Every structure is written in structure tokens, then in C-alpha cells.
Amino acid sequence: MTQHTDQRGGRAILLLIAGLPVTMILAASWLWFFVERGDIDIVGALGTANSGEILANPVNIRNQPFTASDGSETSLDALEPKWTFMVVNSGDICDAACSELLYLTRQIRIAIGRDFHRIQRVMVVDAPANAIQIEGDSVAEGAIPLSDIIESEHPDVRVWQMGAQPVVPERHVAENAWYLVDPSGWVMMRYASEVNYKDVIGDLKFLLKNSGG
């Protein structure tokens with residue numbers, strides 16, 4: 032009798048575990064539906080005044096293919112799930128604004144402190160990475176290969192070239208902005224370069240504290 036009861040209990044636990052992902056998906060879909068309608072202020076409910084702009088209808092780029100600097104195919108799915116700072120640049124020049132975003136995201140990641148390892152940085156470009164140049168700080172310096180600056184000042188940054196599919200839909204594109212991607216690959220928030228880095232750190236510490244990724 033005890034063995035039979037244990038078997039039934041074991042089956043019940045297995046069914047419960049198997050049902051958890053479905054339950055979580057349904058719960059997330061339900062929550063997003065009401066957030067999208069404006070019935071629930073999830074940011075207010077969670078108690079954080081985010082300094083970035085939460086993107087309506089976020090896109091998931093977890094499995095979107097990119098070309099790495101060495102020519103190999105890659106994607107976020109090939110990396111360990113982490114919060115990702117994403118800088119997007121068009122053309123074969125990384126201008127002063129682009130350079131500033133690289134510097135800003137580096138400083139924010141460092142300032143996070145002990146949780147910096149839970150954050151990674153990716154620069155997405157639409158030209159071959161080895162053909163992109165970055166504007167120097169002076170006229171005398173001229174343009175410098177982006178790869179040189181990445182290697183010397185931003186060694187943690189992965190430079191990926193996107194394919195035909197844009198990494199950020201036109202409706203979400205903004206000048207002098209970078210994007211926050213959650214560990215599941217959702218491009219969820221946009222930050223303007225003018226936002227105080229201390230406010231961004233406050234957002235990120237809240238997210239890191241309340242997430243497992």
C-alpha cells in the first residue's frame with residue numbers, strides 16, 4: 032500500500048513539475064496582456080522608477096543570427112544567459128556619439144560592482160566589423176580602426192554584424208541610445224545617453240536583485 036501511495040505521489044510531483052513551464056508561460060502572457068492594455072503598472076507595482084524607456088511590443092533576439100568579428104556565425108543563444116548592454120551602430124563610422132555609448136556602458140558595468148559578471152556587452156553593426164573606423168578625439172588622430180579601440184579599451188565587447196533582419200525594429204530606434212536585453216533575449220528597455228548613469232545603475236541593481244539571470 033505504501034509503495035502504491037509513493038508511486039502515485041511520485042507521478043503527481045512529475046506532473047506538477049512538467050506543468051510548471053506551461054503555467055509560467057500562461058501567467059507571463061496574462062500579465063503582459065494587462066500591462067500592454069495599461070491596466071497594470073508593473074513598474075509602479077514593483078516599486079522602481081525606471082530611468083529608461085520600456086519598449087512596447089519588445090522583440091526577442093535570442094536566436095537571431097549574427098556574424099562575429101572572426102567571420103563565424105553566432106547568436107545570444109550561444110552565450111551564457113546574462114543581462115546585455117547592446118549598442119547599435121549604422122554605417123562604417125563609429126562617431127563621437129557611438130564612442131560615448133561604448134564608454135558609458137563600460138563605466139556603468141564597472142560601477143555595478145560585484146554583479147558586473149552578470150552583465151555582458153554587445154555592439155551590433157550593419158557593416159563588416161573589420162571595415163568600421165572610430166572617430167579620433169582630435170583632427171590629428173583622424174579615424175582609427177574600431178577593432179583597435181575595442182581591443183585596447185573595451186576587450187569585453189563582442190562586435191557582431193547583423194544580417195538582413197534589423198536587431199531593433201524601426202519603431203524602437205532612437206539616436207544616441209543603447210538597449211538593455213534581458214537574459215531571455217528580449218530587447219526590453221532603451222536608454223538615452225543623457226540619462227544619469229547613477230539612475231541607470233539603480234534600475235540595473237533592482238533588476239539584478241529581482242531576477243535569477
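For our numbering, count along the sequence shown from 1 and bump the result up by 31. By construction, the Cβ of each residue, glycine as well, lies at the ideal position given by its N, Cα and C atoms. Source: prediction; values computed, not measured.
Beta-carbon spacing of residue i, residue j below 8 Å
i, j, result
"Cys-95", "Ser-106", "The question names Cys, but residue 95 is Gln in the sequence shown. Yes, these two residues count as a Cβ contact at 8 Å."
"Val-190", "Met-219", "no"
"Asn-207", "Val-156", "no"
"Tyr-228", "Ala-142", "yes"
"Ile-85", "Phe-116", "no"
"Pro-159", "Gln-138", "no"
Residues that residue i bridges to, as DSSP identifies them
i, result
"Gln-192", "Thr-98, Val-156"
"Glu-104", "Thr-98"
"Cys-125", "Ile-165"
Assigned secondary structure, residue i (DSSP; H/G/I helix, E/B strand, else coil)
i, result
"Asn-161", "helix"
"Val-25", "Only positions 32 to 244 of the chain appear in this structure, which leaves residue 25 out of reach."
"Val-5", "Because the chain spans 32 through 244 in this model, residue 5 falls outside it and cannot be assessed."
"Leu-211", "strand"
"Val-218", "strand"
"Glu-166", "strand"
"Glu-111", "coil"
"Glu-131", "helix"
"Ile-143", "coil"
Residue i versus residue j: straight-line alpha-carbon distance, rounded
i, j, result
"Tyr-210", "Gly-216", "12 Å"
"Val-231", "Asp-101", "32 Å"
(message) Within 8 Å, do at least three Cβ pairs link the stretch 173–181 to the stretch 157–164?
(response) yes
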